[in-house]
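Residue numbers (our numbering): 21 to 477. What follows is a set of notes on a single structure, which appears directly below.
In structure tokens form, the structure reads like this:
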């Protein structure tokens, strides 16, 4: 469960910004909150980020994805001389020389379970790192513990100087810490290297980011194969079909069918793989085998959705024949049900793309109700759908406003920082610019066909 995410010097985010998912103690909570016993506080199940185009909403979500990518892939994918992908703030010449920073506070372990110490329901960690294109300069991991009072235990601190990685591990971190530190390259995170070498404690943290952080940067449609693969063996298939029927998109059933390859298909795949192998061999990259590709193709599945037909009965339509809105809804429901069943984090950029406001509201409500979210899953999303603000579904501590300062740097402000009463109309306040985060434009004016534009015309 995510309690806090911080970022600095990434795309339009120059100065350090935080997104908090902790429930405000100033607000009376009548809906679902997720208790964090260790800290004697609670987290919210959803956060919506509003703001005009180019305010930085997508960049904040991209930062969460970049943090996950670095943890999962830095040790296995980056060589000693490779450059670390990063995108510092470009509107300030000094920003290029400063490191990019990501950090977060999160819990690990199901609520009510613990493999750490008696009396604790879960473990709370603070993890982060700073990096340039050349190296990860700093990296740290702490564990927050509350007994008589809250305290912090260091698990490790890492710094890189003159191309050499130094890791100072605390007494609570058991394992081959020194050996793994010696294997850690400047272009690799220690957490990533530790997981690749089966560190007994750090591997579970690595799995948290690898499996329980799902970031969807473009809320378009997934491929038919991905949808079919998820639906064919999913324990959530019945629930998925129940939700699709409730969405009233005309679907009353689904068939998942295997696709058989004929001799012509096999010959075409053989030729394509052979050509790809030659190209990869020339570039020095690893190749893949024809047999493994054919095995993959043998598992290719097709989706057919059943619709009521005139005269009774049902008629199947394939995935591509469905509307973009229907395909988008299915593409979002599949990872949502996975997050709800695991109690994990789902992050979506532009949730409202191709979705009717009623469907977007119904989607968010899955995370806001205890019946559908018993394991404490969380949803972070950006949106322009102002109807959600007036729906009563989101509380004030679940709404954030993105905006830019006079230097073009993004900033993020929780709605709780504004002077609003519980009975105030949040949607109206946002529409009229009382909260910021709206574009300052009324009409577009342009001359067409040689005629100059004029405000009075």
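We put the CB at the ideal spot given by N, CA and C, even for glycine.
If the criterion is Cβ atoms closer than 8 Å, does the pair residue i and residue j meet it?
{"i": "residue 242", "j": "residue 351", "result": "yes"}
{"i": "residue 153", "j": "residue 184", "result": "no"}
{"i": "residue 402", "j": "residue 77", "result": "yes"}
{"i": "residue 146", "j": "residue 127", "result": "no"}
{"i": "residue 272", "j": "residue 327", "result": "yes"}
{"i": "residue 478", "j": "residue 236", "result": "Here the chain comprises residues numbered 21 to 477, so residue 478 is not present and cannot be evaluated."}
{"i": "residue 390", "j": "residue 52", "result": "yes"}
{"i": "residue 233", "j": "residue 365", "result": "yes"}
{"i": "residue 322", "j": "residue 340", "result": "no"}
{"i": "residue 353", "j": "residue 392", "result": "no"}
{"i": "residue 55", "j": "residue 66", "result": "no"}
{"i": "residue 124", "j": "residue 93", "result": "no"}
By the 10 Å Cβ neighbour count, where 16 or more other Cβ atoms means buried, how is residue i classified, buried or exposed?
{"i": "residue 163", "result": "buried"}
{"i": "residue 231", "result": "exposed"}
{"i": "residue 358", "result": "buried"}
{"i": "residue 79", "result": "buried"}
{"i": "residue 48", "result": "exposed"}
{"i": "residue 103", "result": "exposed"}
{"i": "residue 218", "result": "exposed"}
{"i": "residue 88", "result": "buried"}
{"i": "residue 494", "result": "Residue numbering for the chain in the displayed model covers 21 to 477; residue 494 lies beyond these limits and cannot be assessed."}
{"i": "residue 26", "result": "buried"}
{"i": "residue 430", "result": "buried"}
{"i": "residue 417", "result": "buried"}
{"i": "residue 30", "result": "buried"}
{"i": "residue 36", "result": "exposed"}
{"i": "residue 464", "result": "exposed"}
{"i": "residue 68", "result": "buried"}
{"i": "residue 305", "result": "Here the model assigns residue 305 a pLDDT of 44, short of 50, so the residue's position is not dependable, and the following value carries that caveat. It is exposed - the Cβ of residue 305 has fewer than 16 other Cβ atoms within 10 Å."}
{"i": "residue 191", "result": "exposed"}
{"i": "residue 469", "result": "exposed"}
Assuming residue i and residue j make a contact with CB atoms under 8 Å, what is their CB distance in whole Å?
{"i": "residue 95", "j": "residue 263", "result": "39 Å between Cβ atoms; not a contact."}
{"i": "residue 349", "j": "residue 246", "result": "With a Cβ gap of about 15 Å, residue 349 and residue 246 do not count as contacting."}
{"i": "residue 411", "j": "residue 381", "result": "6 Å"}
{"i": "residue 122", "j": "residue 83", "result": "6 Å"}
{"i": "residue 22", "j": "residue 398", "result": "6 Å"}
{"i": "residue 108", "j": "residue 151", "result": "With 8 Å as the limit, residue 108 and residue 151 do not qualify as a contact, their Cβ atoms being about 10 Å apart."}
{"i": "residue 383", "j": "residue 356", "result": "7 Å"}
Please name the residue, chosen from the options, that lies closest to residue i on a Cα-to-Cα basis.
{"i": "residue 211", "options": "234, 176, 365", "result": "176"}
{"i": "residue 172", "options": "447, 161, 181", "result": "161"}
{"i": "residue 7", "options": "186, 214, 204, 248", "result": "Beyond the ends of the chain as shown, which are 21 and 477, falls residue 7; an answer cannot be given."}
{"i": "residue 198", "options": "189, 148, 353", "result": "189"}
{"i": "residue 226", "options": "90, 166, 38", "result": "90"}
{"i": "residue 374", "options": "345, 356, 399, 355", "result": "345"}
{"i": "residue 435", "options": "427, 419, 447", "result": "419"}
{"i": "residue 70", "options": "260, 371, 466", "result": "371"}
{"i": "residue 386", "options": "182, 260, 238, 44", "result": "260"}
With DSSP as the reference, please indicate the residues paired to residue i in a beta bridge.
{"i": "residue 55", "result": "62"}
{"i": "residue 126", "result": "22, 145"}
{"i": "residue 185", "result": "180"}
When every heavy atom of the ligand COA is checked, does at least one fall within less than 7 Å of the C-beta of residue i?
{"i": "residue 327", "result": "For the ligand COA, the structure offers nothing, since it holds no ligand at all."}
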